[in-house]
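Here the structure is laid out as structure tokens; the discussion comes afterwards.
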Amino acid sequence: MKKRFKYVASTLMIGSVLAFTTACGANGGANSSSNGEQTASEENQQLQGEIKIDGSSTVYPIMEAVVEEFGMNQPGVQVSVASSGTGGGFKQFIAGTTDISNASREIKDEEKTQVEEAGIEYSELKLANDGLSVVVNKENDWVDSLTIEELKELWIDSGETKKWSDIRPEWPDEEIKFYSPGTDSGTYDYFNEIILEDEPIVEQATLSEDDNILVQGVAGDENAIGFFGFAYYVENQDKLKVVPIDGGNGPVEPTHDTVESGEYAPLSRPLYIYVKNESLKNEETYEFVKFTLENAGALSEDVGYVKLKDEEYEAGLSTIEGLK
Amino acid sequence: MKLINHDQVLKKMSPRKWKNSVFKGLFMFATALALVVLAILLYRIITQGIGYLDWQFLQSLPSRNPEQAGIKTALIGTIWLMGVVAPVTLILGVGTAIYLEEYASKNKFTSLIQINISNLAGVPSIVFGLLGLTVFVRALTLGTSVLAAGLTMSLLVLPIIIVASQEAIRSVPMELREASFGMGANKWQTIVRVVMPAALPGILTGTILALSRAIGETAPLVVLGLPLFLAFLPQSVFDMFTVLPMQIYNWTSRPQEEFHAVAAGGIIVLLIMLIVMNSIAVLIRNKFQKRF
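For the protein sequence lines, the chains are A and B, in the order given. Going by UniProt numbering, the first sequence opens with residue 1, and the numbers climb by one from there. Going by UniProt numbering, the second sequence opens with residue 1, and the numbers climb by one from there.
Here it is as structure tokens:
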């Protein structure tokens, strides 16, 4: 009897140690409900084929939703979506193994050259908007807004430890704790493009690929500052304080409306898909991309992003129309 | 002359007893600590995820709506992956161990191999992912298929099986082999009929550890570019697939709290799979352990 217990115990131990690694990230966050929205499509014709998608993990939830809906109408089309990051996605795109590449930033010049060298023509289509949100701790009562200059001063490495009083003299004489998304993410790339401009990020910054870790970091330290996608702020509003950003026309807080209207600048970023033109010649890929553009607005709202203006989706639709 | 000085013994008795109880307490504390951590972990995962665990969860595809999200493709994919990893690692791993222990002559070359195998066990898994990407996915053009991922995972866990099997084979008493030779058996017959049955429990322990690692690994599969969302199931080892840990990881990194609970549901399924797999190995082990 005792022996059996030992076996059960040791089995449980081995199992749980392995599960622990996967379980670590599963906490934090606030309540919200995302309601499934029905998207009707009048497709009668049943298509066959295969579509491969890879790229940004930020865009992944939108594509997951699109594929889910598309699959209900077109079960014959085998769509696979991977999420190896914007950069990783472009590597696959350049290698020619994917039809569509998700990106949370524009294609870089060096990637552009490589795609062209590989003889692949592509179209860039916008899917949704995301407002990069700069957040501080709930207890932080001194920061009421930040200008772009101040953001640069905060985040660019100066070789010294930074205190809040270094930014504005009336702020407390406390060391600032920085939390940033990992350097592989499109979020970091976008922040780099707008704020860092290829200067090194402040050395004390804690970098994590998991934005929920950043949320916890900022929520747990009065002197912390961090940035990440709008959805992570919205889900954790009760734990974080968002900082209005002054891009030159007075401080603007990221909200659904200010991101949609483009008023929240320059930290609003568009999310893209890059489609191989050759694949668009296949009817199933064309129909899929068309379906994506027609439904991206509603579906991106569902998963926590902000929809584009209708004209922008129409512009995308007319782009692919010409490539059919 | 008195052989035992009773005063002396009495004087030393209490510190000795005290020392014994201190160490007993220390070891009990170590065990208890592991059990407490385990209990907290299980409690958290189960209370968080149990609400999502139903038949529909196992039967559905991932969804943007946490209530409807499921793990069908990931669960089936993980089973397929194990279907490739288990036979490949067992055949290659046990084969290597038998060669190194029974056939190879003990020289500098074999000890070099030995050191390298032990070192391989400590190589970060992502390195194996990069190797798999270059060799299996790209060079052999297997794509992100079950076979490519299975072979990559096999490479990752092979050192564990080899080292464990070697230990097991080494611990079979020499007398058993000599008796077998004495009865006129040749080397092959001795290995198959004497050494292997005796070493099997140890080999299975190694297999449990190795497969448990393979089932929970995410990093190398992410490097291979395995998809996360698939609306179809693999029909052969050359088809695309996805696995549970990748799906769980994706859910934990979502902003919505509900997805973290869905992830916990996935973790419970993964845990159950692990326990079932391990129990099978433990049962086989117990059956054979009675022979010696």
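Beta carbons are placed, not taken as given, at the ideal position from N, Cα and C, and that holds for glycine. Treat the numbers as computed from the prediction; the structure is a model and nothing was measured.
Quick one: is A:E64 near chain B, going by C-beta distance under 8 Å? So, interface residue.
Measure the alpha-carbon distance for B:Q56 versus B:A139 and round it to whole angstroms. 40 Å
Is B:N5 buried or exposed, if buried means 16 or more other CB atoms sit within 10 Å of its CB? Exposed: under 16 other Cβ atoms inside 10 Å.
Along the chain, where does the beta strand (DSSP E) containing A:G55 start, and where does it finish? According to the DSSP assignment, A:G55 belongs to the beta strand (DSSP E) that extends over 49 to 55.
Does A:N212 have its Cβ less than 8 Å from a Cβ in chain B? yes
On the DSSP bridge list, what partners appear for A:E124? A:Y274
Can you name the residues of chain B whose CB is closer than 8 Å to the CB of A:P61? One finds R64, R254 in chain B with Cβ atoms closer than 8 Å to the Cβ of A:P61, taken in chain order.
According to the neighbour-count rule (16 or more other Cβ atoms, all chains shown, within 10 Å of its Cβ), is A:A231 buried or exposed? Buried, by the Cβ-count rule.
Going by other Cβ atoms of all chains shown within 10 Å of its Cβ, with 16 needed for buried, is A:G25 buried or exposed? Low local confidence applies: a pLDDT of 36 at A:G25 is under 50, so the model's placement there is unreliable, with the coordinate-based value given in what follows. Per the 10 Å Cβ criterion, buried.
Neighbouring residues, chain A, relative to B:P227 (Cβ below 7 Å): S80, V81, A82
Looking at the unbroken beta strand (DSSP E) that takes in B:L221, where does it start and where does it end? Segment 219 to 224 is the alpha helix (DSSP H) holding B:L221; no beta strand (DSSP E) there.
Below-8 Å beta-carbon distance, B:V222 vs any chain A residue: yes
Answer with yes or no whether the minimum CB distance from A:D184 to chain B is below 8 Å. no
Between which residues of its own chain and A:N35 is the CB-CB distance below 7 Å, once the five residues before and five after are set aside? Confidence is the limiting factor: at A:N35 the pLDDT is only 40, short of 50, which leaves the residue's position unreliable, though a coordinate-based value still follows. Here the set comprises nothing.
Start-to-end residues for the beta strand (DSSP E) that takes in A:G226: In this chain, the beta strand (DSSP E) harbouring A:G226 covers 224 to 228.
Over what stretch of residues does the beta strand (DSSP E) that includes A:V79 continue unbroken? A:V79 -> beta strand (DSSP E) spans 77 to 82.
A:D221 and A:N137 - do their beta-carbons sit closer together than 8 Å? Yes, they are a contact pair.
From the DSSP output, in three-state form, read off B:S125 for me. It is helical.
Give me the Cβ distance between A:V77 and A:F288, rounded to the nearest whole Å; I'm assuming they're in contact under 8 Å. 7 Å
Got a sec: is the Cβ-Cβ distance from A:G96 to anything in chain B below 8 Å? no
Counting only Cβ pairs nearer than 7 Å, list the residues of chain B close to A:D54. G225
Does DSSP classify B:I98 as helix, strand or coil? helix
By the criterion of Cβ-Cβ separation under 9 Å, what are the contact partners of B:E167 in chain A? Chain A residues near B:E167: none, gap ~17 Å exceeds 9 Å.
Contact between the segment 84 to 92 of chain A and the segment 55 to 64 of chain A (3+ Cβ pairs under 8 Å): Contact holds: three or more Cβ-Cβ distances are below 8 Å.
Taking CB distances under 8 Å as the criterion, tell me whether A:A231 reaches chain B. For A:A231, the closest Cβ of chain B is nearer than 8 Å.
Compare the C-beta of B:I102 with all C-beta atoms of chain A and state if any pair is closer than 8 Å. What sits at residue 102 of chain B in the sequence shown is Glu, not Ile. So no, B:E102 is outside the interface.
Proximity winner among B:V137, B:L42, B:I160, B:T47, relative to B:L92 (alpha-carbon distances): B:I160
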